[in-house]
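To start, the structure itself, in structure tokens.
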Amino acid sequence: MIRAATRIAGMILTLVVSSFVIFAAMYAAPGDPVTFLIGNPENMTPERVAEVKAQYNLDQPLIVQYGLWASQAFVGNLGTSFQYHQPVAELMATRLPATLALVAMASVLFIVAGVGLGILSALRQGKRTDSTITAATTLAASVPSFVIGLLLVSIFSVQLGWFPVSGAGEGFLDRLHHLALPAVALAVGAVAIVSRVTRQSMVEQMSMDHVEAARSFGLAPAKLIRRHVLRNAWGPILTMVALVVASMLAGTVVVESVFGISGVGKLLVDAINTHDFPVVQAVLLYMVITYMVVTTLVDLVHPLLDPRIKAKDKKS
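Residue numbers for the sequence shown follow my numbering, so the first one is 1 and each next one is one higher.
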């Protein structure tokens, strides 16, 4: 209970600090939002400037502006978009499904491939299969996602015509078709990370005394792996999977831009280019909250999955 309360308190403190940094960064960003809001230079009269500043609280000190923004954000009011002239919360709600669908597809891919390759690599430790998987995943991790995305588009969309070049699609099957290549581009780097963690965790468990004892008693290899190795290796694997998913939820900007997907990441890029500060603040806040919530949950659940950590917590 104390551990949970400490973690949640830390998350709240981090959220407050992060939200202030986000707001202050927009405050210090180049470009005058008043100029963008008024638009036509002919309307830049002192009276109009004062009116716009008062309307958006831009005539208040920074700390007052932050307090007003944070209090409204707490109840779900993220302001109004400068560019689209609609509530930012509604704007994000229309973009979020595409991002969630992309992350869900990529998660299925990297979990199946990453865990599978990690298990295979651990079972073939020191052999050619192990070396091949390690080399392939290392190479995959070194290639940026936008490069992978451009290669996939060039080969499978432009040359072969098997997949759409851009967009998120409409309906379940059409969306699967449209998001297949973006999901692969997003998942490749994650496969490398998860496969390494899976291999390492499996190798550590296979060297444990109780595993050696079970092997000496003639337990079938399949049962040995399933009962004594995988069961105890799941803690670090599931933790890493959760962290990768959290980073994906907060990091689809590049892939969405490459494939022209109207998701939250693409919304952030467009908002930055047009100085749409309320949208930028809201999207960055969403990314921070998403990552913090997932990592806090992982921190709380991890001891339940890993008996070693649970034992250390009891001793301390």
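Ideal placement from N, C-alpha and C gives every residue a C-beta, glycine not left out.
Alpha helix (DSSP H) segment containing residue i, residue limits
i: LEU249; result: 231-249
i: ASP174; result: 172-206
i: VAL158; result: VAL158 -> no alpha helix (DSSP H), and no H or E assigned at all.
i: ILE225; result: ILE225 -> no alpha helix (DSSP H), and no H or E assigned at all.
i: SER81; result: From DSSP, SER81 is part of no alpha helix (DSSP H); its letter is neither H nor E.
i: ARG128; result: 128-142
i: VAL64; result: 62-74
i: VAL147; result: 145-152
Three-state secondary structure (DSSP) of residue i
i: PRO46; result: helix
i: GLU97; result: Just to set this straight, residue 97 is Pro in the shown sequence, not Glu. Three-state result, PRO97: helix.
i: VAL16; result: helix
i: VAL165; result: coil
i: ARG124; result: coil
i: ASP59; result: coil
Assigned exposure category for residue i - 16 Cβ within 10 Å defines buried
i: ALA168; result: buried
i: PRO95; result: The question names Pro, but residue 95 in the sequence shown is Arg. The residue in question, ARG95, is buried, as its Cβ has 16 or more Cβ neighbours within 10 Å.
i: ILE8; result: exposed
i: MET44; result: exposed
i: MET208; result: exposed
i: ALA93; result: exposed
i: GLU317; result: With the chain represented from 1 up to 316, any question about residue 317 goes unanswered, as that position is not in the structure.
i: HIS178; result: buried
i: ILE63; result: exposed
i: ILE237; result: buried
i: PHE23; result: buried
i: ASP276; result: buried
i: LYS266; result: buried
i: ILE155; result: exposed
i: ASN273; result: exposed
i: THR6; result: exposed
i: LEU151; result: exposed
i: VAL112; result: exposed
i: ALA4; result: exposed
Inter-residue spacing [alpha-carbon to alpha-carbon] between residue i and residue j
i: THR134; j: LEU284; result: 35 Å
i: GLU47; j: ALA271; result: 27 Å
i: ALA136; j: GLY114; result: 12 Å
i: MET202; j: PRO87; result: 49 Å
i: ALA192; j: MET240; result: 12 Å
i: SER166; j: GLU51; result: 41 Å
i: SER247; j: GLN281; result: 18 Å
i: PRO278; j: ALA54; result: 16 Å
i: GLY189; j: ASN57; result: 43 Å
i: PRO164; j: PHE172; result: 15 Å
i: ALA104; j: LEU268; result: 20 Å
i: LEU100; j: SER18; result: 23 Å
i: LEU160; j: GLY149; result: 15 Å
i: VAL49; j: VAL21; result: 26 Å
i: TYR286; j: THR35; result: 27 Å
i: VAL108; j: ALA213; result: 35 Å
i: ARG196; j: LEU224; result: 21 Å
i: ILE289; j: MET26; result: 18 Å
i: ALA28; j: GLN200; result: 45 Å
i: ARG124; j: GLY118; result: 10 Å
i: GLY263; j: VAL245; result: 16 Å
i: ALA98; j: ILE261; result: 7 Å
Check: residue i C-beta below 7 Å from any heavy atom of the ligand MG
i: TYR84; result: No copy of the ligand MG occurs in the structure displayed, which carries no ligand at all.
Beta carbon proximity, residue i to chain C, threshold 8 Å
i: LEU100; result: In the displayed structure, chain C is absent; only one protein chain is listed.
Could you pull out every unbroken alpha helix (DSSP H) segment of at least 4 residues lying fully inside the stretch 253-304, listed in chain order? As far as the stretch 253-304 is concerned, its whole alpha helix (DSSP H) runs of at least 4 residues are 253-259, 264-273.
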